[in-house]
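> Numbering follows our numbering, in which position 36 of the sequence shown is assigned residue number 38; successive positions increment by one, without gaps. Even glycine gets a Cβ: it sits at the ideal position worked out from N, Cα and C. Here the structure is a predicted model, which means the values were calculated and not measured.
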Amino acid sequence: MIRLPLAALTTVLLLAACGRTEPVADLPDQEQLAAAANEAAAKAIGNQQSEATPPVRTYNSSIHGFSATFPEGWVMDKGASTEDGVVYEDPGAGADVRIFWQANAQDQTLQQIVEALNDGAEGVDGDFIGASEYRGTANDGEGNNVAIRVLKKSDGSIVTATFVYPEMLSEQYRTIAKQVLDSLRLVDAQPAEAALPPAAANATQ
3 MIRLPLAALT
13 TVLLLAACGR
23 TEPVADLPDQ
33 EQLAAAANEA
43 AAKAIGNQQS
53 EATPPVRTYN
63 SSIHGFSATF
73 PEGWVMDKGA
83 STEDGVVYED
93 PGAGADVRIF
103 WQANAQDQTL
113 QQIVEALNDG
123 AEGVDGDFIG
133 ASEYRGTAND
143 GEGNNVAIRV
153 LKKSDGSIVT
163 ATFVYPEMLS
173 EQYRTIAKQV
183 LDSLRLVDAQ
193 PAEAALPPAA
203 ANATQ
């Protein structure tokens, strides 16, 4: 798009007005034109930003110490979600993301845990990022791609996130999957008792 300087734009408007029957005095002055141009530009920029950054919703597990964000319009599968994790779905599109915590009682290494995940998938490809993170992709053998992120917490427990979407919709979902998995953060966990609201002063045991 060609952008004219404000002075040039004003000149063009005045020349165009010469062929009109209204008096020149009825035309807006330069300050009014500048204000209108600035308002239109600000509105256009605002619209572009709102389209580029869709609203999101945040899930936070204070008990197990992780959080993530999901695109607006996705809904929680309450039947599949538990206190250990959450499942969100894109209604009607066959895509979902599952983020769950596990205790890792056997104190397995991150490599051992990833190997166990790989046993149930095909075409697994990924990389370890340091000693506490793994990022990869796979295929579930049923026509779905799977994006995977695994984080090992300082206490040895594991948070696993899997984003599953139809292979035929890879172009639409690849970027969304990356954004959701990138949003996964480890935060300080709170004991279950601390997560409950305080009892009233006159409450009975």
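(1) Run the CB neighbour count on V77, radius 10 Å, all protein chains shown included, and call it buried at 16 or more, exposed below.
(2) Alpha carbon to alpha carbon, how far is L188 from E144?
(3) Decide if the segment 98-110 is in contact with the segment 146-162; the criterion is three or more beta carbon pairs, one per stretch, under 8 Å apart.
(4) For V148 and chain D, any beta-carbon pair shorter than 8 Å?
(5) In whole angstroms, what separates the C-alpha of G94 from that of A133?
(6) Quick check on the burial criterion: 16 or more other C-beta atoms within 10 angstroms. Buried or exposed for S156?
(7) Going straight from the alpha carbon of Y2 to that of E33, what length do you get?
(8) With H, G and I counted as helix, E and B as strand and the rest as coil, what does DSSP make of L171?
(9) Buried or exposed, going by whether 16 or more other CB atoms sit within 10 Å of the CB of N147?
(10) Assuming N120 is part of the alpha helix (DSSP H), what are its boundary residues?
(11) Between F68 and E169, what straight-line distance do the alpha-carbon atoms span, to the nearest angstrom?
(12) Who are the near neighbours of L186 in its chain, counting only those whose CB is closer than 8 Å to its CB and skipping five residues on each side?
(13) For the putative contact between A140 and F165, defined by C-beta atoms under 8 Å, what is the C-beta separation to the nearest angstrom?
(14) For A82 versus Y167, is the C-beta distance shorter than 8 Å?
The short version:
(1) Taking the first residue of the sequence shown as position 1, residue 77 is located at position 75. V77 should be labelled exposed.
(2) Here residue 188 is taken as the residue at index 186 of the sequence shown, counted from 1. Here residue 144 is taken as the residue at index 142 of the sequence shown, counted from 1. Looking at the two C-alpha atoms, the distance is approximately 31 Å.
(3) yes
(4) Note that chain D does not occur in the displayed structure, where there is just one protein chain.
(5) Stepping through the sequence shown from its first residue, residue 94 is reached at position 92. Stepping through the sequence shown from its first residue, residue 133 is reached at position 131. Looking at the two C-alpha atoms, the distance is approximately 38 Å.
(6) As a first step, residue 156 must be located in the sequence shown, where it is residue number 154. By the 10 Å Cβ count, S156 comes out exposed.
(7) Examination of residue 2 is not possible in this model, given that the chain is present from 3 through 207 alone.
(8) Taking the sequence shown and counting its residues from 1, one reaches residue 171 at position 169. Note: L171 maps to helix in three-state DSSP.
(9) The residue labelled residue 147 in the question sits at position 145 within the sequence shown. Buried, by the Cβ-count rule.
(10) For the purposes of this step, residue 120 is taken as residue 118 along the sequence shown, with counting starting at 1. Looking at the DSSP string, the run of the alpha helix (DSSP H) that includes N120 is 112-120.
(11) By one-based count along the sequence shown, residue 68 stands at place 66. By one-based count along the sequence shown, residue 169 stands at place 167. Cα to Cα, F68 sits roughly 28 Å from E169.
(12) In the sequence shown, counting from the first residue as 1, residue 186 sits at position 184. Result list for L186: F68, S69, A70, I101, R151, L153, V161, A163, in chain order.
(13) As a first step, residue 140 must be located in the sequence shown, where it is residue number 138. As a first step, residue 165 must be located in the sequence shown, where it is residue number 163. Not a contact, Cβ separation roughly 11 Å.
(14) By 1-based counting over the sequence shown, the position of residue 82 is 80. By 1-based counting over the sequence shown, the position of residue 167 is 165. Cβ atoms of A82 and Y167: not closer than 8 Å.
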